[in-house]
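A.B. asks:
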Amino acid sequence: MNLLSIVKRVDFKNILKVILLGLSRPHFIIPTIGATKDCILISSKIYGDLHNKNGPANAFRHALWNFLIAKRCFKWQKNDEVVLAWAKKVTDWHEDSFPNKKLPKQMDLHNNEVGRFIFKMNSHKSEDEVIELLKQMAVKSNKINDSSTLSEHKNQMVHILDQ
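Sequential numbering of the sequence shown, starting at 134, is according to our numbering.
Below is the structure:
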């Protein structure tokens, strides 16, 4: 998917929001774009197209994305709180800008939070080490439905569909 097709899917209000977000931390733009591209490449290499469904591979992708954004931005600003807040803002913006049904959105937001938690606990580890950890977590991902309470799955990946 190219940049123009992505921009066409986002309304003007959300385009302005992401511009303002980028202007608030311009030194994080390049690492965030790189983290996003690499996350898609890694997820595709490991899971093929399954990471686009609402299964464990998707949980992996969302957690990895947040971890990579935080890890890569940390190289520019050595402050956990700042990079974790940035990763949350960017990925929350994405969820708001590309609307999803309620349960998949809750799942994505939950798995994003898991990725930020993994960064907090494992910021000293290499990306490859964390990818292996996230793959193990994806295998243990918990299946949820509309009656699930996500707080019962704190720091654990969740998914909707079996793969």
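All C-beta atoms in this analysis are idealised placements derived from N, C-alpha and C, irrespective of residue type, glycine included.
To which residues of the same chain is Y180 closer than 6 angstroms at the C-beta, ignoring the five residues directly before and after it?
C.D. replies: Cβ neighbours of Y180 beyond the five flanking positions: A190.
A.B. asks: To which residues of the same chain is V291 closer than 7 angstroms at the C-beta, ignoring the five residues directly before and after it?
C.D. replies: Within the same chain, V291 has close Cβ partners A192, M240, H243, N244, S274, N275, I277 and L283.
A.B. asks: In this structure, how does DSSP classify N275 when only helix, strand and coil are distinguished?
C.D. replies: It is a strand residue.
A.B. asks: Please determine if the stretch 246 to 255 and the stretch 169 to 184 are in contact, where contact requires at least 3 C-beta pairs separated by less than 8 angstroms.
C.D. replies: No contact exists between the stretch 246 to 255 and the stretch 169 to 184.
A.B. asks: Since H292 sits in a beta bridge, which residues does DSSP pair it with?
C.D. replies: The partner list for H292 (beta bridge, DSSP) reads K276.
A.B. asks: Report all residues from its chain with a CB closer than 8 angstroms to the CB of I293; omit the five preceding and five following residues, and keep chain order.
C.D. replies: The residues are N187, G188, L236, P237, M240, K276, I277 and N278.
A.B. asks: Between the alpha carbons of R205 and E228, how many angstroms are there, rounded?
C.D. replies: One C-alpha to the other measures close to 21 angstroms.
A.B. asks: Span of the alpha helix (DSSP H) holding K211?
C.D. replies: Where K211 is concerned, there is no enclosing alpha helix (DSSP H), given that its DSSP letter is neither H nor E.
A.B. asks: Which runs of the alpha helix (DSSP H) at least 4 residues long sit entirely within the stretch 214 to 266? Give them in chain order.
C.D. replies: The qualifying runs are 235 to 255.
A.B. asks: Looking at the secondary structure, which residues open and close the alpha helix (DSSP H) in which K170 lies?
C.D. replies: Per DSSP, K170 belongs to the alpha helix (DSSP H) from I162 to Y180.
A.B. asks: Going by C-alpha distance, which of K150, F161 and F231 is nearest L201?
C.D. replies: Closest by alpha carbon: F161.
A.B. asks: Spatial neighbours of K258 within its chain, please: C-beta separation below 7 angstroms, excluding the five flanking residues on both sides.
C.D. replies: Excluding positions up to five away in sequence, the list is empty.
A.B. asks: So A168 packs on W198, CB below 8 angstroms; how close in whole Å?
C.D. replies: Sure, about 7 angstroms apart at Cβ, within 8 angstroms.
A.B. asks: Judging by CA-CA distance, which residue of S281, E260 and Q289 is the nearest neighbour of A271?
C.D. replies: Nearest C-alpha to A271: Q289.
A.B. asks: Is the Cβ-Cβ distance between W226 and V151 less than 9 angstroms?
C.D. replies: The answer is yes: Cβ separation under 9 angstroms.
A.B. asks: Which term fits L156, buried or exposed, when burial requires 16 or more other beta carbons within 10 angstroms of its beta carbon?
C.D. replies: Exposed, because fewer than 16 other Cβ atoms sit within 10 Å of the Cβ of L156.
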